[in-house]
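See structure below.
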Amino acid sequence: MKVGIISDIHSNYHALEAVAKELQKEKVDEIWCLGDVIGYGAFPNECLEWVLENCSQFILGNHELALLSFVDITALNDYAARAILWTKEMVKPSLLNKLMEKGVQAFTQSYQLVHDTPVAPGSMEYILTAEDAYSALIRQVRPVCFFGHTHIPVAYELKGASAAKLSASEITLSSGRYLINPGSVGQPRDRNPDASFIIVSDGKVYFRRKSYDVKSAAKAILKEGLPEFLAARLLAGV
1 MKVGIISDIH SNYHALEAVA KELQKEKVDE IWCLGDVIGY GAFPNECLEW
51 VLENCSQFIL GNHELALLSF VDITALNDYA ARAILWTKEM VKPSLLNKLM
101 EKGVQAFTQS YQLVHDTPVA PGSMEYILTA EDAYSALIRQ VRPVCFFGHT
151 HIPVAYELKG ASAAKLSASE ITLSSGRYLI NPGSVGQPRD RNPDASFIIV
201 SDGKVYFRRK SYDVKSAAKA ILKEGLPEFL AARLLAGV
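Below, the structure is given as structure tokens:
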């Protein structure tokens, strides 16, 4: 089976459309979303509707949890909190009802899906270092765990008593344990503004990037009266 895995769209429909076209070209059998479909950007309804219609797996991120009031908005940074308050005013009630049916993790026979960390799904904790990755790798309940939250594409493999960071854009999954982040579709933070996602097929993981109309996405944020920083960071990929 060929699967496209996306995460952290953050209401950026321009980026999502570009990635959706790539996934269609790739002829993926399924699309899995690791959460944070909303927040920061200008198109929460459009992005939620697309994910709910097209993703066979969709787990909640911390921004969805805040939208549903499962996470106190004061736990978010100021930019995130302001965007969530705006999103609460904009999002369709019918979409909120559908979000209530989702959880913070999902499983297949070989894969675990979380937004933040398999150590404590829904905790909003970050996996940013090899030490963080090792702690997750020894606790995840499937050989391979896909996670988001950091907005940075990365892969780790358990090697003895440590986590080895893998630098290749194509990874062959062996019988070991892996922790893989597809990066962010709608707000990359690795100084590359292109939308990030992965393809998983026949025991291999392929990291992909796709350019899109970043300027239009940034202008839409400003048009809605959201913080200027949220528009500027799209252009810089931070």
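UniProt numbering puts the sequence shown at residues 1 to 238. The beta carbon of each residue, even a glycine, is placed where N, CA and C say it ideally should be.
Give the single residue among the options whose Cα lies nearest to the Cα of residue i.
i: residue 115; options: 68, 33, 157 and 98; result: 33
i: residue 218; options: 209, 211 and 229; result: 229
i: residue 211; options: 193, 30 and 175; result: 193
i: residue 15; options: 92, 163, 225 and 220; result: 220
i: residue 188; options: 151, 7 and 125; result: 151
i: residue 103; options: 120, 93 and 30; result: 120
i: residue 226; options: 41, 2 and 12; result: 41
i: residue 51; options: 159, 13, 73 and 214; result: 13
i: residue 161; options: 185, 133, 98 and 25; result: 133
i: residue 20; options: 185, 223, 238 and 190; result: 185
i: residue 38; options: 62, 5, 57 and 224; result: 62
i: residue 131; options: 85, 158 and 80; result: 158
i: residue 213; options: 71, 26, 17 and 70; result: 17
i: residue 35; options: 25, 155, 85 and 10; result: 10
i: residue 90; options: 46, 191 and 153; result: 46
i: residue 190; options: 73, 153, 84 and 79; result: 153
Could you tell me if residue i is buried or exposed, where buried requires 16 or more neighbouring beta carbons within 10 angstroms of its beta carbon?
i: residue 196; result: buried
i: residue 235; result: exposed
i: residue 87; result: buried
i: residue 43; result: buried
i: residue 95; result: buried
i: residue 233; result: buried
i: residue 58; result: buried
Which residues in the same chain as residue i place their Cβ atom closer than 7 Å to its Cβ, once the five residues preceding and following it in sequence are excluded?
i: residue 123; result: 116 and 117
i: residue 128; result: 150
i: residue 4; result: 23, 26, 28, 31, 197 and 199
In chain order, what residues of the same chain lie with their CB nearer than 8 Å to the CB of residue i, ignoring the 5 residues before and after it?
i: residue 208; result: 22, 196, 197, 198 and 199
i: residue 170; result: 204, 205, 206 and 207
i: residue 82; result: 226 and 227
i: residue 99; result: 48, 60, 64, 67 and 68
Quick one: what's got a C-beta closer than 6 Å to residue i's C-beta in the same chain, skipping five residues either side?
i: residue 201; result: 2
i: residue 54; result: 31
i: residue 125; result: 116 and 117
- Task: Would you check if the segment 176-188 and the segment 138-148 touch, i.e. whether three or more CB-CB distances between them fall below 8 Å?
- Result: Under the Cβ criterion (8 Å, minimum of three pairs), the segment 138-148 counts as touching the segment 176-188.
- Message: I'd like to know if the segment 98-116 and the segment 144-154 are in contact, where contact means that at least 3 CB-CB pairs between them fall below 8 Å.
- Response: yes
- Message: Please give the ranges of any alpha helix (DSSP H) in the segment 83-118, keeping only runs that are unbroken, at least 4 residues long and fully inside the region.
- Response: The qualifying runs are 93-99.
- Item | Every unbroken alpha helix (DSSP H) inside the segment 38-78 [4 residues or more] | 44-54 and 62-67
- Query: What are the start and end residues of each continuous beta strand (DSSP E) run of 3 or more residues lying completely inside the segment 123-157, in chain order?
  - Reply: 144-146
- Secondary structure, beta strand (DSSP E): runs of 3+ residues fully inside the segment 185-238: 195-201 and 204-210
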